[in-house]
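Quick notes on the structure that follows.
Numbering (my numbering), first residue to last: 907 to 1151.
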């Protein structure tokens, strides 16, 4: 890996905010930071590929990353998107020897990185890391269950609105005029994430664009009216949408 090129203060802040390292004191965080390397990945480059040995843990602090698997027909199946403050890779748990997905940068991205051997030693010295990792895995399972529930109970428009909201909040960077970042996914990607067809997503986005809710571009969608999408996401009796603070 590349030599570390991140300031000690920034590393400490990132580690302090990372749920895997929750509960560590200043000295322990300094130990974690001393073992961290820096990784820069350009757009469409990968941090790791599905099936490779799960040997590095990454904490993203700028950019966005797409996690996806490849099905039997060679098509990408998107698992989720990673934004600043989130992590991807091996979690210190003996669940799998290989990465279960490929992590590709959707834009130039920066991350802190820990080798497996270093993280093994940190887990041995700080048992709370194992508990944190188990909580993270449990949360991911709950999120997956919630997505299945949404597929079964929500209309397509509600699911698509929820998907867009999740992709810009809380990791979207708001501009001064209230416009949010682009969601760097194609209509086909959004159809896959929401369990519907490309035609349906295109139709909904065209309608929403005419109402000033979004601006649809080639390969991306910009959310123009956050509250308007919140209303669409919560139209149904089971609808739920993120809140803006």
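We put the beta carbon where it would ideally sit given N, CA and C, even for glycine.
Short Cβ contact (9 Å threshold) for residue 952 with residue 1044: no
Test item: CB-CB of residue 1120 and residue 1014 under 9 Å: No; because the gap between Cβ atoms is not below 9 Å, this pair is not in contact.
Local Cβ density within 10 Å of residue 972, reported as buried at 16 or more and exposed below that: With 16 or more other Cβ atoms within 10 Å, it is buried.
Three-way DSSP call (helix, strand, coil) for residue 950 in this model: coil
Cβ-based burial, residue 917 [other Cβ within 10 Å; buried from 16]: Residue 917 is buried by the Cβ-count criterion.
Where residue 958 sits in the DSSP three-state scheme: coil
Endpoints, alpha helix (DSSP H) assigned at residue 1105: 1104 to 1116
Outcome for residue 1003 when other beta-carbon atoms lying within 10 angstroms are tallied against a minimum of 16: Looking at its Cβ environment, which holds fewer than 16 other Cβ atoms inside 10 Å, residue 1003 is exposed.
Backbone CA spacing between residue 1063 and residue 1100 [nearest angstrom]: Between residue 1063 and residue 1100, the C-alpha separation is close to 9 Å.
DSSP three-state assignment for residue 923, whether helix, strand or coil: helix
Where the beta strand (DSSP E) containing residue 1007 begins and where it ends: Premise fails: residue 1007 is in no beta strand (DSSP E) and is neither H nor E.
Contact under 9 Å by Cβ, residue 1035 with residue 941: It is not a contact, given that the beta carbons lie outside the stated cut-off.
Exposure of residue 1059, with buried meaning 16 or more beta-carbon neighbours within 10 Å: Residue 1059 is exposed by the Cβ-count criterion.
Counted within 10 angstroms of its Cβ, other Cβ atoms place residue 1111 as buried (16 or more) or exposed: Classification of residue 1111: buried, given that the 10 Å Cβ count is 16 or more.
Extent of the continuous alpha helix (DSSP H) to which residue 981 belongs: Segment: none, residue 981 is in no alpha helix (DSSP H) and carries neither H nor E.
Of the listed residues 977, 1026, 1038 and 1032, nearest to residue 1008 (C-alpha basis): Looking at the Cα atoms, 977 is the closest of the given residues.
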